[in-house]
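Engineer:
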Amino acid sequence: MVGSQPAKQPQPSLSPEQIATFTQAVAQYIRAQRAHYYPRAVPLSFSELWSRFFPAVDLQRIRVIQPGQARVPNPPFYAELEQLGFTGLPNFTTMGAITFDDVVVFHEPLTPQLIFHEMVHIVQYRLLGIDDFARLYVRGYLHGGYDGTPLEVCAYELDGRFIMGSVGFDVEAEVRAWIVNGRF
Ligand SMILES: [Zn+2]
Numbered sequence: 000m001v002g003s004q005p006a007k008q009p010q011p012s013l014s015p016e017q018i019a020t021f022t023q024a025v026a027q028y029i030r031a032q033r034a035h036y037y038p039r040a041v042p043l044s045f046s047e048l049w050s051r052f053f054p055a056v057d058l059q060r061i062r063v064i065q066p067g068q069a070r071v072p073n074p075p076f077y078a079e080l081e082q083l084g085f086t087g088l089p090n091f092t093t094m095g096a097i098t099f100d101d102v103v104v105f106h107e108p109l110t111p112q113l114i115f116h117e118m119v120h121i122v123q124y125r126l127l128g129i130d131d132f133a134r135l136y137v138r139g140y141l142h143g144g145y146d147g148t149p150l151e152v153c154a155y156e157l158d159g160r161f162i163m164g165s166v167g168f169d170v171e172a173e174v175r176a177w178i179v180n181g182r183f
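According to this note's numbering, the sequence shown is numbered sequentially starting from 0.
1. Find the nearest neighbour of T110 within the set Y124, P54 and F161, judged by alpha-carbon distance.
2. Using the Cα positions of P42 and Q59, report the straight-line distance between them to the nearest angstrom.
3. In terms of residue numbering, what span does the beta strand (DSSP E) encompassing I114 cover?
4. Rounding to the nearest angstrom, what Cα-Cα distance links Q112 and G181 in this structure?
5. Measure the CB-CB distance between A40 and R62 and report whether it falls below 8 Å.
6. According to DSSP, simplified to helix, strand and coil, what is V1?
7. Tell me which same chain residues have a C-beta within less than 7 Å of the C-beta of L157, skipping the five on either side of it?
8. When you compare each of P149, G143, G144 and I129 to R30 by their alpha carbons, which one comes out closest?
9. Helix, strand or coil, according to DSSP, for R62 in the structure here?
10. Could you check the C-alpha separation between L141 and S12 for me, to the nearest Å?
11. Using only alpha-carbon positions, find the residue among T92, L48 and V104 that is nearest to H35.
12. My understanding is that P89 touches G2, with C-beta atoms under 8 Å, so please give their C-beta distance in whole angstroms.
13. Measuring from the CB of H120, is there a heavy atom of ligand 1 at a distance below 7 Å?
14. With a threshold of 7 Å (Cβ to nearest heavy atom), would V1 be considered close to ligand 1?
15. If I measure Cβ to Cβ from S44 and keep anything under 6 Å in the same chain, skipping five residues before and after, which residues do I get?
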């Protein structure tokens, strides 16, 4: 996801059981969204430049919904989180783009940096699987909010290193290093 977020306020803490339930709801939500958008999503064609950063498997599996084709509403579990006292949850409707496994719904026009950011998430999803991605996203969010979620920190860090004309770097190796070093 890409988007600016409201200032952080103290958030309620959840019990391990609540975290487990929430994590399951997020994983289920990601699968449902992916299934919902996949039939209308189309591949992207990439110039040779992109293979300096991403493995062919991810460049081939990405599917996109172009801006104006859909707007992702906030997840159904937001109501419950707000009842629990959460505030400032990321507003999906104003996000630049949202990735569900291999499907990216773009709300804003596709730029190389925005595509790069979401491609990093696609690599994360493949290496972690949806369940671990959801578990780590929830854990990261509960500790640090959207801006402090390591899966996002990683994607922003790598998209910040992306320069169109550069020789490239191995995004998969970078994401693997984050996994091996327990940074997510
Ligand atoms: Zn993101």
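The beta-carbon is built from N, C-alpha and C at its ideal position, and this holds for glycine as well.
Structural biologist: Concretely, from the data shown:
1. F161
2. 7 Å
3. Premise fails: I114 lies in the alpha helix (DSSP H), P111 to L127, not in any beta strand (DSSP E).
4. 26 Å
5. yes
6. strand
7. V119, V170 and E173
8. I129
9. strand
10. 8 Å
11. V104
12. 6 Å
13. yes
14. yes
15. none
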